[in-house]
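In terms of this note's numbering, the sequence shown has 980 at position 101, counting the first letter as 1, and numbering is strictly consecutive.
See below for the structure under consideration.
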Amino acid sequence: MSDTAPIEHPSWLTSGDFTAADEPLRLFAAWLSEATASEPRDPTAMTLATIDADGLPNARMVLLKGVDERGFVFYTNMDSQKGRELDVHPQAALVFHWKSLNRQVRVRGNVERVSEADANAYFATRPKQAQIGAWASKQSAPLESRLAFEKAVALYAAKYALVTVPRPPYWSGYRIMPLRIEFWHERPFRLHDRIEFARETLSAPWSKTRLYP
Ligand SMILES: Cc1cc2nc3c(=O)[nH]c(=O)nc-3n(C[C@H](O)[C@H](O)[C@H](O)COP(=O)(O)O)c2cc1C
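Structure below.
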């Protein structure tokens, strides 16, 4: 085979018709890469929805820090509200909204923690101030004053001034392992395109359904 052979693109990518896609994670990667080029800020920002111990939904923004065939990864304080909710109900939903592209992606699935090795590797890439912040913040716990937080930051900054900051034991990542992924693209007159991929289990094949907008 010639080493100058053109890279093969899936037909839905070259035709520009995402509804012809047959594998959602490749389609997601293509949309994320387009959003990275067009979004003015935070193309990886996503809403993370969880459920609390009483069944009440909760949602907040987090940043996507990795995606592959296993799922969607974000990092946080595991003692935070979201961390405690995921301990009780390891299931979540994500929403991406890329305004510059008029696109939305919805993801639902089961949740696992990333490996210690993955968490250590990602923590090591963070700026030192952010690493110190992870030690200083008891995320989601009541804070008596801004000053108390700044004191905690100064304390850990002094403690780790001359050494590598280790990853706090309560700080790690979660992976949402998708069972459903829906792609939505705005079309004129609200006649939008919606394609939902679903699978019964993580090892089952994806099925694809077009939905009314
Ligand atoms: C654009 C954006 C990105 C954010 N990314 C993260 C993140 O990756 N991890 C995180 O723990 N909090 C992130 N936050 C803060 C969360 O939205 C939230 O305030 C915090 O995690 C506490 O949530 P909880 O009390 O539900 O646990 C982000 C906020 C915004 C607005």
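For each residue, glycine too, the CB sits at the ideal point set by N, CA and C.
Per-residue burial, residue i [other beta carbons within 10 Å of its own, 16 or more giving buried]
| i | result |
| --- | --- |
| methionine 925 | buried |
| arginine 920 | exposed |
| leucine 1081 | exposed |
| tyrosine 1037 | Looking at the sequence shown, residue 1037 is not tyrosine but alanine. Under this definition alanine 1037 is an exposed residue. |
| methionine 940 | exposed |
| arginine 1069 | exposed |
| alanine 1083 | exposed |
| arginine 985 | buried |
| valine 967 | exposed |
| valine 1042 | exposed |
| proline 903 | buried |
| alanine 822 | Limits of the chain in this structure are 880 at one end and 1092 at the other, which puts residue 822 out of reach. |
| glycine 988 | buried |
Three-state class that DSSP yields for residue i in the structure shown
| i | result |
| --- | --- |
| leucine 1070 | coil |
| glutamate 1079 | coil |
| tyrosine 1035 | helix |
| leucine 980 | helix |
| leucine 1090 | coil |
| tryptophan 1085 | coil |
| valine 1042 | coil |
| tyrosine 1053 | strand |
| glutamate 1065 | coil |
Whole-Å CB distance - residue i paired with residue j, under 8 Å assumed
| i | j | result |
| --- | --- | --- |
| leucine 935 | phenylalanine 1062 | Incorrect: roughly 28 Å between the Cβ atoms, too far for contact. |
| leucine 1090 | arginine 1073 | 4 Å |
| alanine 998 | glycine 962 | Contact flag wrong, Cβ pair sits at about 13 Å. |
| isoleucine 1055 | alanine 971 | 5 Å |
| asparagine 956 | tryptophan 1050 | 6 Å |
| alanine 914 | proline 922 | 4 Å |
Residue-level contact to chain D via CB, residue i, 7 Å cutoff
| i | result |
| --- | --- |
| tryptophan 910 | You won't find chain D in this structure, because it holds only one protein chain. |
Restricting to runs no shorter than 4 residues, where is the alpha helix (DSSP H) found entirely within the segment 891-977? Within the segment 891-977, the runs of alpha helix (DSSP H) at least 4 residues long that lie entirely inside it are, in chain order, 903-917, 960-967.
Mind pulling the alpha helix (DSSP H) runs of 4 or more residues that sit fully within the segment 990-1033? Runs found: 995-1004, 1007-1015.
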